[in-house]
Every structure is written in structure tokens, then in C-alpha cells.
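Novice: Going down the list, the protein sequences come from chains C and H.
The working numbering puts the last residue of the first sequence at 384; the count rises by one with no breaks.
The working numbering puts the last residue of the second sequence at 586; the count rises by one with no breaks.
For each residue, glycine too, the CB sits at the ideal point set by N, CA and C.
Fair warning: this is a prediction, and the values are worked out from it, not measured in the lab.
Below you will find the structure I want to go over with you.
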Amino acid sequence: MKAFAYVNPANEKEAVAALKVEGVALPIAGGQDLLARMKDYIDEPDRLVNVKGLDATVTATPDGGLKIGSAVKIIDLFENAQVAKLYPALNAAAIEVGTPQIRHQATVGGNINQRPRCWYFRNEEFVCYKKGGSRCFAVNGENQYHAIFGNEGPSHIVHPSSLAVPFVAYGARFRVLGPGGEREIPAADFFTMPTLQNVLKENVLGDEDILTHVILPAPGNVKSGHYEVRYKQSHDWPLAFTTVVLTMNGSRIGSARVVLGAVAPIPWRSKPAEDALAGKPLNEQTAAAAGEAAVSEAKPMSGNAYKVQIAKAAVKRAIMNAAGLKTV
Amino acid sequence: MMAPAVFPGGNTRQGAQEETGNLADGFAKAAHIVEQTYSTHVITHVCLETHGCVCEWDGDKLTAWISTQAVIQSAQQFAQALGIPQTNVRCITQYMGGGFGSKFGPDAQGIICAKLAKAANAPVKLMLDRKEEHLDTGNRPSATAKIKAGVSADGTLTAFDAQSWGTGGAGAGSGFPLPYIYNFPNRKRVHRDVYINAGQQRAMRAPGHPQGCFLTEILMDELADRVKMDPVAFRVKNLPPAGPNAMWAQYFAEGAKRFGWDKRHPTGGDPAPGPIKTGMGVSAHRWGGAGRGSHAHVDIMSDGSVVVKCGTQDIGTGTRTIVAIVAAETLGLPVSAIKPEIGDSILPFSGGSGGSTTAASVTPAIRVTTMDALDALCAKVAPTLGVAATDLVAEGGRIHVKGNASKGLAWKDACKLIGTEPISVDGQWQDGLSGAGTSGVQFAEATVDLETGIVKVTRILAMQDCGLIVDKLTAEHQALGGVIAAINFALFEDRLLDRVTGQMVNPNMEWYLLAGMSDVPKIDIVLNNMPERGVIGIGEPPTVSTASAIANAVRNATGVTIRSLPLHPHKVLAAIEQEKAGGTN
């Protein structure tokens, strides 16, 4: 690890100011991702700006939603009674993150902003697009854990955030503070598909921006569900997972949000699955049909066609979870 | 892509060639023939404590606190590499965080550490990081075999013809036993080592056996199906003759009963509704575990304290515990009354801890030496009690006359008679207290999620012997550790090389998967105590057959045969897809 300076700002504004530096400055909260990247020489920041002291509370908003500070620990998000009551799929996603130790250290903001887990990106010897190189080694290499959607390139990572998926599904907005002041961005617009111009990043945050809050709207008359498929039972990255938020119209589904994780460079909203759900009764057949629809446009790589089947099962089971049915 | 030839004649080497009986006759007698390719993958030792040491010089004398399975051999290798007398090197390993066959010397990093310490004139600590550990401290070679095997209509194996390959990296061998255990009267096997530009293999917990076991045991289930026999009955029918080192028939029968094998549904897939299917599988294994050559030293002090010394090491197996247990039992004392000193190269010679040889090497040396020490003590005590030394026994913390517990002395009082010169005895391993050859059978139950390809192991039963069981707890824990390691081999561990560059893409513990607590099933260990055979090692055998039993359980659950490890969802789903499409599975 390269030596670095450490700055302890008193507030959000000071944190943003501290990110302006000759060289590279990065915010550090739980450090669960960043420290590993530094040890592996993937990132060599000149300065770390401590953002653990940012807002770490979950508060009710006037419209019946919740405002979640980005310094909230994942374990606290999981244990928050309001989160569990209003956004059960978010609660379910939180407990699936990492291990008890990681959940006690990692933060909501860090989870959203973590970098890809791609093994080429994480290995200093592979200078890929995301490290300023000119290729994605997964294309002709080992891609069993890479994307099955959004595979137009140039990068074929899957977005690593477990919380981003339910945030998109519940229609959250992300509050960002930068040198130009504060702005709010819909979660769905926060994450960016890779292009040659922006491939070094996974979202719209500028170098001097900080994600300060996640604002969840009142859930309304919805049923939500979550399902994650992992190879190991704990401490493993999901092969695919899904959050569904169904706006009910009597006993039928009015409209649906279906968002898949670990399958694309961004949390992947599935229009075909949402269309397959609209107007249908909430039952196993509907769930299975939505699963099929969700993967109808999948474009797997050379070694990850199996993830299409897994994504299909994750969508189906997330819907069954929302319906209160047994998932297997 | 053709690899450039690095070795003269190409990057392969002819390995074992064996032929017994008459293949043509064997296949002529076969009513059914199975012809398939089976394979296992490369896994690394992934020791939690990586390789490395702390080195400190005092003038021209080196002390190395080193993570090793062989303190004395490490001292020898340090001396050779550094050009100093072996008597100037001391290696200390009080505890070790896993070696599994990969830690028998200082390696490059140890020598570098010693040289840095010399140059710095200060102690230097050098431990490999996880990536280095994965890349360059050894691995279990891969194994692939194209096998053609025949079985007669009554379920008797008739013929076995195999071409096998494996890679142990650059210029290293990849041998393994094949066929494994079962009696194929007519058989031929030709092996080639394939050299690739990757880390070299090293001995890894039961070298060769998990590979040979898997390749044979999946085939055995396929053959059993052809003759419509139960896998247990089919195996029992084709075992070599039973013996103390070949107890499989008994373990198959007893294990089947304990495991509820009669509830196993016939092969063809679990008929239960829903995507989660359950199945059972079984496999057998063998190992050696003989002892040799250890020395020991025992001091009994006049204050009654006892120290037992041996230059062995405790590699996490409980060696320190069994050293104390054997001495304590011999002297009739509680275990806490013995001070075991091991893990230091200045102690009496003992070999490296490999091949499951430690218990069978060390305990006889401790027993013999402690008996001699006790004889010497009895000789001191006998005149006071007015009996012959040979009439005395040590038990319950007393030295007393045989058959008359009241006529004797408490241990401390007896030791007061030793005088100023302590009882100090050297001894060594003798034949007759240890044995060789173990056998075991394991049963596995697993579930498979047909929609996701995820395999979960739900139960394992390990039937195992290791001669005289010195300590049930540590013996059982060796079996538990072996089974868990083999679950990793079956499901999770996989050294993945980038197909373009040859670089390992998962030299970490993030994508190099290891079971967590939630991935470990209920494991029952049933040890068969065979005191008449003496002490035999148990470290390796329990890790051999687990993966094969799991793979056969997956086969039973799904009705689909997966002929290679690990049982990753991509493989499970592909096999199920192929079956649906009317494939050859």
C-alpha cells in the first residue's frame, strides 16, 4: 500500500472541500472496499477523506418515506424497524451483504459506491478499461461471473451493490453534495452504463462529490420481494438477485418494478418482466412468466449462460416472495 | 493454441504404465461397458497461516520461527542454503496454521528472510501474502482419465482400460492411483504428466487419492446402474479381500444402516415435487499412515515434574496433546502433570509431519522412553517399599505394589527418592506399537436446486479406522477437518487460470471459495478403534472420498451424472440442460 494523507473533516462541506487536491483524493467510510483496493494497488490515493462522520441516521420524511444517511452502517439499516416495515425487500437485501463483520463496518454510501469485483479489475497485472487500459479481459477470458445484460461493452462488469437494487426498485433518490452545492438524482439515473468516455466510473458522482443521503418515497400500496442466489450460503457474491416492487390494484398487479442485480454493469431494470406482470394476478404462474420474460433479452458471454437460468429463478422467486408464497 | 515446447520432446512426460490380466478377455466377459471421461481440478493448499518465518541471527547462529511441518528438516535446509553448519540453525514451530503437505522447508521466502535478517542485523519477519500463497506454495494436481470399463451381467467387474493425464505445473508430476480400491481383474492404465506454466504441485493431504477416488467412484455408480444394483451392494461385491487394513465391507454395511441408506430413492432423480432434489452417495478410501524413526527424551525431576521431549511438531493435528496423553497414561498421572516439549529442532530427532505418519512415529517413541523412565523410577522406589522394581506399577498418581494399591507412595513422594540427579532417559520408536493401512467409507446426502444449480451438502457420515485411537477428540477432529476440506474440493475451491494469459484470476479468498459455517453440513464421525493394530495416522484418509460421495449424491438427486469437479452451478445446470435435450447423461 502506498502512503497517503488522512483528512478528518468536521462536516459534509469540509469533506467536499477536502476532496479537492493535487493528485487523487478518495472518501473513506467503512473502508471495506477501498482498503482492499489500496492493498492490491488498484487505487493509490494521495489523500483519504474520512466520511464516517457524515449523517448516520434514518429519519422519517414528511411524505411518509425515509431519509437514510450514507454513513448508516448496513447492520443498522437492517435492524431499523421502519426500514423493515416500509421496505422489507431492502431489509432482506441488507442482511445478505457480506458477513456480520462487514455489515458492522460497511456503510450504505460505501455499498452503493463500491467498485466492481471483476477479477481482472482487482488484479494489478490486468490493465483493463477500468484502469485506463484498452480492453476488457473478460471478453476472451474467464467471464463466468460477468454480465448477461447490457453487454454492449466496452466493460462487462456487474454492478456489485446489493443495496442499489432495492433502492432503484423502491424509486429512491440519491442526494449528492458537490462543490456546486446539493442535488438529488433518481437512483435509476445515478448508475451509468459503460462508455469509452466514462468507463473509469460506475456512476455520475464527480471527483469532488459525496453521496450524502438516500431518500426513499413512501412505499404506497405495494408488495415487495427479494431473492438472492449465492453459491456459498454466506460471505459470497450473489450470482444473481432481484428486488420486485408491485403496486397492487385489488388482487391484481397494477404496475411493477423488477430490478436485477449482479447481471449487468448497473442495477438492471427489466421492462419485459414488468410488462409481463402488469394486470396479472399475483401467483406462481405469473411469477414464472415474469421470470421467463426477464431473461428474454439476455445476452450472455462465452462462459456465463448459466446465469440466465439463475436470473430467471431469482426473478420468479422474488415475485413469489412478494406474494408471500414459498420460494422453493 | 499450441504451447511452445519448454522441455525436450514436448511438454508432457510419460508417467505410470500398468497392466494386469488380459483386457480383451475382460471386455469379452462384460455384459455392459461404460466409456466416459472423468476429471478433477487443481486446488491450492490455501493455508490460513501463509508460508513464512521470523529470522534472527546471533553471530553466526540462526534462529527461525517458521511455519513448517518439519522443524528439523527445515534447519537442515536453512543450513544447506546458507552454507552454515546445521548445528548453528534452530527452527521453532510451536503452533502452525495449516500446511496440508506444502510446508516442509524454508522455501525461497525463508532463505530470503534469513539473508535480510543477516543484512539488517535485526530480526526480520517475512510472511507471504495471499496471492503469493496461491501462486507459489503448491497445489493438488489435476487429473483426467478416459476410462472404458466392463461389468458382467451379475455385477462383477471385468475390465478397466484408462488413459490418464494431469498437470502439476511446470515440470512436476501428477500421478495418482487408478483404478482405486475395487477389484478389476483385467486392467491397463497409461498416464502422462502435462507441464503447464503455472505453480508447481506439492504433496497435498492424501496426494493422488482424492483424484483416483473420484475418477473411480463416479464410474462405479454408472456401472452399478447398468446392472441395476444398489451402489453399496455393487461395491461390496467388487472389493478386494477383507483384512485389518481393508474393512470396507463392514463400514459399507454399518454405515448404510446408520445413514438410512434404505431411504435412498433409486438413481434417476428425486421424484419429490418442487425444484429442490435430495440424493445420497457413497465412496470408499484407503491410506497408509505407518510410523518410523522418532526419538524422544524424558526427564523425571525429584519434585515430581515430568518433561517429555521430541523434535516433532503439532501442525494442528493435536500432536502435543497425544505426546502428553501417552506419557501421562504410562506414568499413571493426569495429562496436566506432563510438560510436552515439541516443535523445536534442538529436540530429539523426529521426521516431518507428512503422510499421516506423525502419531505412529511419535507415540511409540514416547511410550518406550517413558516406560524406561518409569522403570528407572521404580528401581529407586523399590528398596523403600521392600519389593522388586518389577513388582511396581504406576497408576492413579501413585507408585504401588501390583495388586496392592495401599502399599505404595504418592507420585511426589516417590520422586523425592530420585535424589539430585534426575531420571533422564533417551529412547526411540520401536516396531510393534504402531501399524499401517487404514480404510474408510463415507456417505453423503446433498440437495440440488434444479432451477439454480446450487448444491448443498446436508449430511456426511464418515466410517474410519486408525488403529489404536490415542485421543478420540483429536482423531475425530482430524476427520471433521478432512471432510470439510473435501467439501471445499467438491464444491468450492478451484484454481482458475485466465485462458489467454495463464494468470490465476482468483488468487484471493474472495473468488477462491471456501466453505463458511453455513456451508458445513451435519458431519458424523464413527471411529473404529482397533487397539491390536497399534497407532496409525488419520490426518489424510478422511479427506479422500467425501467429494466422490457428494458427487454421487448429486447424481442420485438429479439423475444426471457430472463427471468433473467442482460441482459449480454452471456445470450442474449445463448437465441438467443436456439431459433435458436428450443428451448422453
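1) What residues in the region 353-373 of chain C have a beta carbon less than 7 Å from any beta carbon of chain H?
2) Going by CA-CA distance only, name the one from C/Ala92, C/Leu272 and C/Asp102 that's closest to C/Phe60.
3) Report whether the distance from the Cβ of H/Gly275 to the nearest heavy atom of the ligand FAD is below 7 Å.
4) Tell me which residues of the region 195-223 of chain C have at least one Cβ-Cβ distance to chain H shorter than 9 Å, keeping chain order.
5) Residues of the region 445-464 of chain H in Cβ contact with chain C at a cutoff of 8 Å, in chain order, please.
6) Does the beta-carbon of C/Tyr143 have 16 or more other beta-carbons within 10 angstroms, so that it is buried, or is it exposed?
7) What residue range is occupied by the uninterrupted beta strand (DSSP E) comprising C/Phe297?
8) For the region 482-508 of chain H, which residues have a CB atom closer than 9 Å to at least one CB atom of chain C, in sequence order?
9) In the structure shown, what three-state DSSP assignment does C/Phe247 receive?
10) Could you give the DSSP three-state label for C/Leu381: helix, strand or coil?
11) Below 9 Å between beta carbons is the criterion; list the residues of the region 274-296 of chain C that meet it against any residue of chain H, in chain order.
12) Determine the chain C residues that contact H/Ile277 at a beta-carbon separation under 7 Å, and present them in chain order.
13) If we cut at 8 Å on Cβ distances, does H/Trp412 have a partner in chain C?
14) Along the region 510-533 of chain H, what residues have a CB closer than 8 Å to any CB found in chain C?
15) Taking the alpha-carbon positions, what's the C/Arg286 to C/Leu295 distance?
16) Cutting at 6 Å between CB atoms, please list the residues of its own chain near H/Asp525, excluding the five before and the five after it.
17) Please report the residue range of the alpha helix (DSSP H) in which H/Tyr183 lies.
18) Assuming the contact rule is C-beta atoms closer than 8 Å, C/Thr426 and C/Ala145 should be a hit. Round their C-beta distance to whole Å, please.
19) By the 10 Å Cβ neighbour count, where 16 or more other Cβ atoms means buried, how is C/Asn167 classified, buried or exposed?
20) Does DSSP classify C/Gly166 as helix, strand or coil?
21) What did DSSP end up calling C/Leu338 once you bin it into helix, strand or coil?
22) By alpha-carbon positions, which one of H/Glu578, H/Gly209 and H/Lys408 ends up nearest to H/Arg141?
23) Could you tell me how far apart the beta carbons of H/Gly156 and H/Lys238 are, in whole angstroms, since I believe they sit closer than 8 Å?
24) Could you give the distance in angstroms between the alpha-carbon of H/His266 and the alpha-carbon of H/Asn557?
25) Which residues in the same chain as H/Asn586 place their Cβ atom closer than 7 Å to its Cβ, once the five residues preceding and following it in sequence are excluded?
26) Which residue comes first and which comes last in the beta strand (DSSP E) that contains C/Leu267?
27) Counting beta carbon pairs with one atom in the region 263-279 of chain C and one in the region 339-356 of chain C, are three or more of them shorter than 8 Å?
28) Along the chain, which unbroken stretches of the alpha helix (DSSP H) at least 4 residues long are found entirely within the region 67-147 of chain C?
29) Taking H/Leu386 and H/Val402 to be in contact with their CB atoms under 8 Å, please state how far apart those CB atoms are, rounded to whole angstroms.
30) How close, in whole Å, do the beta carbons of C/Pro321 and C/Ile213 come, if the pair is a contact with beta carbons under 8 Å?
31) For C/Lys372 and C/Gly347, which I take to be in contact (beta-carbon distance under 8 Å), what is that distance rounded to the nearest angstrom?
32) Within its chain, find whatever has a CB closer than 7 Å to the CB of C/Arg247; leave out the 5 residues flanking it on each side and keep chain order.
33) Run through DSSP, which three-state label would H/Phe161 get?
34) Rounded to a whole number of angstroms, what is the C-alpha to C-alpha distance between C/Ala343 and C/Glu284?
35) Would you report the Cα separation of C/Gly206 and C/Thr303, rounded to the nearest angstrom?
36) At a Cβ threshold of 8 Å, is C/Phe193 touching chain H?
Specialist: Reading it off the structure:
1) Tyr362, Gln365, Ile366 and Ala369
2) The count along the first sequence starts at 1 and reaches residue 60 of chain C at position 4. Comparing Cα positions, the closest option is C/Asp102.
3) Judged by which ligands are present, the structure shown has none, so any question about the ligand FAD falls away.
4) Asn196, Gly197, Glu198, Gln200 and Tyr201
5) Asp450, Glu452, Thr453, Gly454, Ile455 and Lys457
6) As a first step, residue 143 of chain C is located in the first sequence; it is residue number 87 there, counting from the start. Counting Cβ neighbours within 10 Å, C/Tyr143 comes out buried, since at least 16 surround it.
7) Translated into positions along the first sequence, residue 297 of chain C becomes position 241. Pro294 to Asn305 is the span of the beta strand (DSSP E), which, as asked, contains C/Phe297.
8) Leu492, Phe493, Leu497, Leu498, Asp499, Arg500, Val501, Thr502, Gln504, Met505, Val506, Asn507 and Pro508
9) Indexing the first sequence from 1 puts residue 247 of chain C at position 191. Looking at C/Phe247 - three-state DSSP - the assignment turns out to be strand.
10) The residue given as residue 381 of chain C occupies position 325 in the first sequence. Coil, per DSSP.
11) Val285, Arg286, Tyr287, Lys288, Gln289, Ser290, His291, Asp292, Trp293, Leu295 and Ala296
12) What you label residue 277 of chain H is simply residue 276 of the second sequence in a count that begins at 1. Those within 7 Å of H/Ile277 in chain C are Val384.
13) The residue you call residue 412 of chain H lines up with position 411 of the second sequence. No - not a single Cβ of chain C is within 8 Å of the one on H/Trp412.
14) Glu511, Trp512, Leu514, Ala516, Gly517, Met518, Ser519 and Asp520
15) Counted from its first residue, the first sequence places residue 286 of chain C at position 230. Counted from its first residue, the first sequence places residue 295 of chain C at position 239. Rounded to whole angstroms, C/Arg286 to C/Leu295 spans 5 Å at the Cα level.
16) Counting from 1 along the second sequence, the entry for residue 525 of chain H is found at position 524. Here the set comprises Leu462.
17) What you label residue 183 of chain H is simply residue 182 of the second sequence in a count that begins at 1. Segment: none, H/Tyr183 is in no alpha helix (DSSP H) and carries neither H nor E.
18) For chain C, the structure presents residues 57 to 384; residue 426 of chain C sits outside this window and is missing.
19) For this step, residue 167 of chain C is matched to residue 111 along the first sequence. C/Asn167 comes out buried.
20) Reading the first sequence from its first residue, position 110 is the one you call residue 166 of chain C. Looking at C/Gly166 - three-state DSSP - the assignment turns out to be helix.
21) Your numbering for residue 338 of chain C matches position 282 in the first sequence. C/Leu338: coil per DSSP, three-state reduction.
22) Here the question's residue 141 of chain H lines up with position 140 in the second sequence. The option with the nearest alpha carbon to H/Arg141 is H/Gly209.
23) Translated into positions along the second sequence, residue 156 of chain H becomes position 155. Translated into positions along the second sequence, residue 238 of chain H becomes position 237. About 5 Å separates the two Cβ atoms, so the contact holds.
24) For this step, residue 266 of chain H is matched to residue 265 along the second sequence. For this step, residue 557 of chain H is matched to residue 556 along the second sequence. Looking at the two C-alpha atoms, the distance is approximately 8 Å.
25) Locating residue 586 of chain H in the second sequence gives position 585, counting from the first residue. Caution is warranted here: a pLDDT of 49 is assigned to H/Asn586, below 50, making its placement in the model unreliable, and the coordinate value is therefore given only provisionally. Excluding positions up to five away in sequence, the list reads Val561, Thr562, Ala576, Gln579 and Glu580.
26) As a first step, residue 267 of chain C must be located in the first sequence, where it is residue number 211. From DSSP, the beta strand (DSSP E) with C/Leu267 extends over Ile266 to Leu272.
27) no
28) 68-74, 90-95, 130-135 and 137-142
29) Locating residue 386 of chain H in the second sequence gives position 385, counting from the first residue. Locating residue 402 of chain H in the second sequence gives position 401, counting from the first residue. Sure, about 6 Å apart at Cβ, within 8 Å.
30) Locating residue 321 of chain C in the first sequence gives position 265, counting from the first residue. Locating residue 213 of chain C in the first sequence gives position 157, counting from the first residue. Confirmed, about 5 Å.
31) Working through the first sequence from its first residue, we reach residue 372 of chain C at position 316. Working through the first sequence from its first residue, we reach residue 347 of chain C at position 291. Right, the Cβ-Cβ distance comes to about 3 Å (below 8 Å), so this counts as a contact.
32) Counting from one through the first sequence, the residue named residue 247 of chain C turns up at place 191. At residue 247 of chain C the sequence reads Phe, which differs from the Arg that was named. Excluding sequence neighbours, C/Phe247 sits near His215, Ala220, Glu258, Asn259, Ile322 and Pro323.
33) The residue given as residue 161 of chain H occupies position 160 in the second sequence. The answer is strand: DSSP assigns H/Phe161 an E or B state.
34) The residue given as residue 343 of chain C occupies position 287 in the first sequence. The residue given as residue 284 of chain C occupies position 228 in the first sequence. So the alpha carbons of these two residues sit roughly 15 Å apart.
35) Working through the first sequence from its first residue, we reach residue 206 of chain C at position 150. Working through the first sequence from its first residue, we reach residue 303 of chain C at position 247. Going by the C-alpha atoms only, they are around 26 Å apart.
36) On the first sequence, position 137 is the one that residue 193 of chain C refers to. It does; some Cβ of chain H falls within 8 Å.
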